[in-house]
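For the first sequence, the numbering used here begins at 1 and goes up steadily by one. All C-beta atoms in this analysis are idealised placements derived from N, C-alpha and C, irrespective of residue type, glycine included. Here is the structure we will look at.
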Amino acid sequence: MEKKVRVRFAPSPTGPLHIGGVRTALYNYLFAKKYKGDFILRIEDTDQSRLVVGAEEYIIESLEWCGIKFDEGVHIGGQYAPYRQSERKDIYKQYADYLIEKGNAYYAFDTSEDLGIKKKEYESRKQTFQYSSANRMTMNNSLAINDTEVKQKINNGEPYVIRIKIPEKETVEVNDLIRGKVIVNSSQLDDKVLFKSDGFPTYHLANVVDDYLMKISHVIRGEEWLPSAPLHVLLYRYLDWENEMPLFAHLPLLLKPEGNGKLSKRDGDKLGFPVFPLKWTDPKTNEISSGYRESGYFSEAVINILALLGWNPGTEQEIFSMEELINAFSLERVGKSGSKFDPEKAKWFNHQYLLKKSDDEIVNIFAKTLEEKDIKAEYKYILNVCRLVKERVNFVSEIWAQSYFFFEAPKIFNEKALKDKWKENSSQLVAEVKEIICNTENFTAAHLKETVSNYILEKKYGMGQVMNALRICIIGTSIGPDLFEIISMLGKEEIERRINFALQTVNAKFIK
RNA sequence: GGCCCGUUCGUCUAGCUGGCCCAGGACGCUAGGUUUUCAUCCUAGAAAUCAGGGGUUCGAAUCCCCUACGGGCUACCA
1 MEKKVRVRFA
11 PSPTGPLHIG
21 GVRTALYNYL
31 FAKKYKGDFI
41 LRIEDTDQSR
51 LVVGAEEYII
61 ESLEWCGIKF
71 DEGVHIGGQY
81 APYRQSERKD
91 IYKQYADYLI
101 EKGNAYYAFD
111 TSEDLGIKKK
121 EYESRKQTFQ
131 YSSANRMTMN
141 NSLAINDTEV
151 KQKINNGEPY
161 VIRIKIPEKE
171 TVEVNDLIRG
181 KVIVNSSQLD
191 DKVLFKSDGF
201 PTYHLANVVD
211 DYLMKISHVI
221 RGEEWLPSAP
231 LHVLLYRYLD
241 WENEMPLFAH
251 LPLLLKPEGN
261 GKLSKRDGDK
271 LGFPVFPLKW
281 TDPKTNEISS
291 GYRESGYFSE
301 AVINILALLG
311 WNPGTEQEIF
321 SMEELINAFS
331 LERVGKSGSK
341 FDPEKAKWFN
351 HQYLLKKSDD
361 EIVNIFAKTL
371 EEKDIKAEYK
381 YILNVCRLVK
391 ERVNFVSEIW
401 AQSYFFFEAP
411 KIFNEKALKD
421 KWKENSSQLV
431 AEVKEIICNT
441 ENFTAAHLKE
451 TVSNYILEKK
461 YGMGQVMNAL
471 RICIIGTSIG
481 PDLFEIISML
491 GKEEIERRIN
501 FALQTVNAKF
511 IK
């Protein structure tokens, strides 16, 4: 029987999650759900010195906002709890000990000063120091010194780390679901620290142990882990778990738009678009980085964009709901090369989702803007406004700029609009049409249109000539949705008031 | 420096088992149309000598090799 699909997202809480991390979580989630498997959130907080207050909560809230749901995890528990590595601290040591017993690992007593000196020494010779088979016998470790001395050091409480003993020359094969076979010679690997002197395991040990214990079937993570994958394969082998080793898939990285380097947390807002799903305030510096949520993006749009950055369905479909993504997703269709985030296309995606949203949803968001401005209006009125302008904007936050004239009369009149559209006879034409409008009883847009158009036709005026001038008078500028809709919504009295004010103001200006 | 991964329009990408590709779609851009204006929408267009070179083959974006470039890793960080 096939192993049950169980995948995990395993961030370390060293700050906010950026969109690259969200994408990794998303691909894991899509893969899990596609195969009716489990998705697990594990927090990898083995580096106590890099913990950032609030980061874990931020990660959970971000993924929740995105609609990425977990089956097990630090926030909801599960069969394999705990899911925070700091709470699993006690279980790692035995595996490190087991490796020592088997001769696949050893104690090392070198201080960081010792290591630093070595490093400098090698640098001066234009070489790179690597703790490995080539030099481990010259270092201060349990392979180089005798057993009694080792015992003595440990009994004396001398700090030590446990390092893996990488074989001298052995080819190690990693089968990557995205890249195929990657073969590395162990001579290229160094004796990585598995267990630190502070009693915590390093990522390498903790990750392998936890994936095994939590019965993880597939490890889907960023490409930055590819170089250490052979080390992980070796660990599975030495811990006798090679038969249950998960399958690996290393995702291409998200790059900065300028073309160099992977996207990183430090990019904040420097790139001209948010790199974080949610707004983040650095607890130390109080520096604020904007988030997609606060910038007015719909989470569905963000997910859609991210899904298509590195994966494609092979069809021409571009708009995907989460359901559709789950159905369509496959690791085989994940690309190999890194991709840059395109802020312009992101806006377009958001526009698509804005159009798909129900009017009620949009009104609810837009109503907050009105509240802030202390503008009162009936729900139905706001609804009509949103209906009329939503296709003209990418974000709900842009609706105000397209619709303010529904809520307040213009006080000034756009210079350029006047220059382009206001002619000598404009005042006369507007005055005439005002009369027509004010004498119209049925104030629907359709009826107004019919009435005014007929009048213009009869008089052989140009439609554009009249309408442009009228528009300027009513909303103060020359853009916007259908003018008859606007007139109908504002009502007869308001229209009369606005036109009178406009003619006064504009005429005064022209006479001068 | 060493090791690993990658390289198709400005960007995201299709192309995977070689011929249907003098390379298709989307965003953006340009032009035209619709419209009372702007936006939407519709139509059209520009845009990749498939990183470069060498093979293999009747035939290569697709297979192989080399080079260049980009990226990742190279911590008692993840």
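Residues of the same chain with a CB within less than 7 Å of the CB of residue 15, apart from the 5 flanking positions on each side, are 52, 55, 265 in chain order. 7 Å or more divides the Cβ of residue 304 from the Cβ of residue 273.
Boundaries of the alpha helix (DSSP H) around residue 92: 89–102.
The C-beta distance from residue 328 to residue 313 rounds to 5 Å, short enough to fall under 8 Å. By the Cβ rule, the segment 371–384 does not count as touching the segment 446–464, because fewer than three pairs are nearer than 8 Å.
If the five residues before and after residue 83 are omitted, its C-beta is found closer than 6 Å to the C-beta atoms of 42, 73, 74, all from its own chain and listed in chain order. Taking C-beta atoms as the reference points, residue 29 and residue 39 count as a pair closer than 7 Å. Residue 194: member of the beta strand (DSSP E) spanning 193–195, first to last residue.
For the pair residue 490 and residue 466, the CB atoms are not nearer than the 7 Å cut-off. Here residue 499 is buried, its C-beta having at least 16 other C-beta atoms within 10 Å. Every unbroken stretch of the alpha helix (DSSP H) spanning 4 or more residues and falling wholly within the segment 344–389 is given here in chain order: 359–372, 379–389. In the same chain as residue 295, and ignoring 5 residues on each side of it, the C-beta atoms closer than 6 Å to its own belong to 274, in chain order. When secondary structure is reduced to three states using DSSP, residue 288 falls in the strand class. Checking the DSSP bridge columns, you'll see residue 72 partnered with 40. Runs of the beta strand (DSSP E) lying entirely within the segment 430–512, each at least 3 residues long, are absent. Contact annotation: residue 108 and residue 150 have beta-carbon atoms that are not nearer than 7 Å. Annotated three-state conformation of residue 321 is coil, per DSSP. Its Cα nearest to that of residue 473, the residue 501 stands out among 501, 306, 330, 243. The criterion of a C-beta distance shorter than 7 Å is satisfied by residue 186 and residue 172. Taking 7 Å as the cut-off, the beta carbon of residue 386 is found closer than this to the beta carbon of residue 359. When Cβ pairs closer than 8 Å are counted between the two stretches, the segment 102–116 is seen not to touch the segment 61–71, the count staying below three.
With 16 or more neighbouring CB atoms inside 10 Å of its own CB, residue 33 falls in the buried class. Residue 184 and residue 230 have their alpha carbons spaced roughly 7 Å apart.
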